[in-house]
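This report refers to the structure that appears directly beneath it.
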Amino acid sequence: MAGIEKIRERILLEAKEEAEQKIAAAEKGAAETVSLAEEEAKKEIADAKAHAETKAEGERQRAISGADMKRRTARLTARQNAITEVLEAAKKELADMAPDRYYPFLLKLLAKNASGREGKFLLSAKDYENMPADFPAQVSELAGKAGGKLTVEQSDKAVGGGFVLDYDGMEENCTLRTIFETRRDELSDCVRRILFQ
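Just add 1258 to the spot in the sequence shown (first one is 1) and you have our numbering.
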């Protein structure tokens, strides 16, 4: 019976060794799994942190860009307002010129716009009443040099300074308002260069 006892002890010993090996292998596998899980968690944390930093930087850049855009828009608006104010002041100054400067100005404007046709030189009531006595003759002389003929008349069409040339219903509007409106871009560029360069 001693032989059976020895076989039994050997089987138990082998079973114990096998169990210890399985436990050791399981512990090693568990340690590897925990280690892999920790590495994966660290990687996910690092990725999340990098993503959050990238997102935060993007939002910061958008905020900076938005603030810069608002600043540039405000600056542009201020410049445009300044240009508009200068143009309005210039238009008012021309309309309010003393007669000894205003009517020669109108003659210079006529010299640039007269054509070789017959028509009317229309002035506002205010300008018509204040014109010098020889003004109609000067208008007629300038029109004649261009090959045409103009008679000076009062009209509601020439409001706000300047004049309107009426050639049988075909009008050439030379009022200050129209000149400033049609040449606004050109005049704005001139004012911009003077004010901001």
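The beta-carbon is built from N, C-alpha and C at its ideal position, and this holds for glycine as well.
For residue i, name the three-state secondary structure that DSSP assigns.
i, result
"G1420", "strand"
"K1378", "strand"
"M1428", "strand"
"K1407", "strand"
"Q1412", "strand"
Checking 7 Å against the spacing of the C-beta atoms, do residue i and residue j come in under that value?
i, j, result
"K1407", "A1416", "no"
"K1384", "E1411", "no"
"G1374", "A1404", "yes"
"L1352", "L1434", "yes"
"K1446", "I1341", "According to the sequence as given, residue 1446 is Ser; it is not Lys. Result yes, Cβ atoms of S1446 and I1341 sit closer than 7 Å."
"F1438", "K1349", "yes"
"L1365", "F1421", "no"
Beta-carbon within less than 8 Å of residue i's beta-carbon, same chain only, minus the 5 sequence neighbours each way: which residues are those?
i, result
"N1371", "L1423, E1430 and C1432"
"R1337", "R1450, L1453 and F1454"
"D1305", "none"
"Y1386", "V1410, E1411 and Q1412"
Can you find the residues in the same chain that come closer than 6 Å, C-beta to C-beta, to residue i, ignoring five residues on each side of it along the sequence?
i, result
"P1357", "N1388"
"M1327", "none"
"Y1425", "R1375 and G1377"
Apart from the five residues just before and just after residue i, which ones in its own chain have a Cβ nearer than 7 Å to its Cβ?
i, result
"D1355", "The displayed chain sequence assigns Met, not Asp, to residue 1355. Same-chain partners within the cutoff: F1363."
The region 1349-1365 contacting the region 1375-1394, beta-carbon criterion three pairs below 8 Å: yes
contact_flag[the region 1442-1450, the region 1343-1353] where n(CB pairs < 8 Å) is 3 or more: yes
Beta strand (DSSP E) runs wholly inside the region 1311-1348, at least 3 long, in chain order: none
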